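Student:
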Amino acid sequence: LPEHIAFESYAAYEDYEDGMDFYEEMIKYVAKETWGTLQFNVGGFEINLDQKWPRIKYADIIMERYGIDVFNPDDDKMREILKKEGVELPGEVTSARLLDNIWKLIRKTSAGPYWLIHEPKKLSPLAKTCPENPLITERFHPVIAGTEMGNGFSELNDPLDQLERFEEQQAMRDAGDDEAQMLDMDFVEMLEYGMPPACGWGNSERNFWLLEGVSGREGVPFPIIKSKE
257 LPEHIAFESY AAYEDYEDGM DFYEEMIKYV AKETWGTLQF NVGGFEINLD QKWPRIKYAD
317 IIMERYGIDV FNPDDDKMRE ILKKEGVELP GEVTSARLLD NIWKLIRKTS AGPYWLIHEP
377 KKLSPLAKTC PENPLITERF HPVIAGTEMG NGFSELNDPL DQLERFEEQQ AMRDAGDDEA
437 QMLDMDFVEM LEYGMPPACG WGNSERNFWL LEGVSGREGV PFPIIKSKE
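Our numbering numbers the first residue of the sequence shown as 257 and each following residue consecutively.
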């Protein structure tokens, strides 16, 4: 949808913990001001936003549901699970892509709300590494009614780390993974000039579509009109 409307923000000298506090408050505020309630029924899910949202670690929930160690995943086991669930992945299928689709199986059955945190480094090329564990990142998603209603993280502001991750992502892309990030040397150069620690966040008008219970076609302000032949 080229006409889609996005909300993005950076907060200097804040991290993902600050971000989750702020954006949880923001989503609740917008919902209350727009609909007058924090209780919703969305696609058969009963949603209660009026609570402190749990924070669930990526590795924990995947181990609990499927017995997969995200730091040393069994690709054959993941392929078997996805095949059983009817998920077909065209093109180059990397271990990271398999893992992401395993998570999506869990997400689509999740009522929420909760925050998904600490995604593995190989799945989060722009997020800062956790100081306590170099395998995970300070990334967070609000999960509500089977979908991720936003994306945020402590911004990666180390140019050497960022370059290394871009190169890894570009190699995956060259191998056929269209979902991998492209190498962006301009971005790396800007980081070399200097960037303060920051928390970044983005969401789209999907938040409104979801809580309003309408499709993207109905909710987008300027829908694409298909011509008849």
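We put the CB at the ideal spot given by N, CA and C, even for glycine. Predicted model only: the values in this text are computed from it and were never measured.
1. Judging by CA-CA distance, which residue of Val343, Arg353, Pro390 is the nearest neighbour of aspartate 330?
2. Following the continuous alpha helix (DSSP H) through isoleucine 392, name the residue where it begins and the one where it ends.
3. Within 10 Å of its beta-carbon, does asparagine 297 have 16 or more other beta-carbons around it, so buried, or fewer, so exposed?
4. Excluding five sequence neighbours on each side, which residues of the same chain lie with their C-beta closer than 7 Å to the C-beta of arginine 429?
5. Based on DSSP bridge pairs, tell me the residues matched to leucine 372.
6. Can you check which of these residues, Phe464, Lys378, Tyr314, Ala287, is closest to phenylalanine 422 by C-alpha distance?
7. Count Cβ pairs between the region 393-410 and the region 359-376 that sit closer than 8 Å; are there 3 or more?
8. If tyrosine 370 and isoleucine 324 are in contact, beta carbons under 8 Å, what's the gap, nearest whole angstrom?
9. In angstroms with no decimal places, state the Cα-to-Cα distance between phenylalanine 478 and leucine 466.
10. To the nearest angstrom, report how far apart leucine 361 and phenylalanine 443 are at their CA atoms.
11. Measure the alpha-carbon distance for glutamate 280 versus lysine 484 and round it to whole angstroms.
12. For serine 380, which residues in the same chain have their Cβ closer than 7 Å to its Cβ, ignoring the five residues on either side in sequence?
13. Once you ignore the five residues that flank glycine 475 on each side, which residues in its own chain have a CB closer than 6 Å to its CB?
14. What distance in whole Å lies between the Cβ atoms of arginine 363 and glycine 402, which are believed to be in contact at a cut-off of 8 Å?
15. In its own chain, which residues sit with a C-beta less than 7 Å from the C-beta of arginine 335, not counting the 5 before and 5 after it?
16. Helix, strand or coil: which one does DSSP assign to asparagine 357?
17. Could you pull out every residue in the same chain whose Cβ sits closer than 8 Å to the Cβ of alanine 454, ignoring the five residues on either side in sequence?
18. Taking lysine 288 as the reference, give the member of Pro310, Glu320, Asn304, Cys386 with the closest Cα.
19. Can you give the Cα-Cα distance for tryptophan 309 and glycine 347, rounded to whole angstroms?
20. Using the Cα positions of leucine 338 and tyrosine 449, report the straight-line distance between them to the nearest angstrom.
Tutor: The relevant details are as follows:
1. Arg353
2. No alpha helix (DSSP H) holds isoleucine 392; the beta strand (DSSP E) holding it covers 389-393.
3. exposed
4. Ala436, Met438
5. Ile312, His397
6. Lys378
7. yes
8. Their Cβ separation, rounded to whole angstroms, is 19 Å, which puts tyrosine 370 and isoleucine 324 out of contact at 8 Å.
9. 18 Å
10. 33 Å
11. 44 Å
12. Thr393, Arg395, Phe409
13. Trp465
14. 6 Å
15. Leu354
16. helix
17. Tyr266, Ala267, Ala268, Tyr269, Glu270, Ser410, Glu411, Asn413
18. Asn304
19. 37 Å
20. 44 Å
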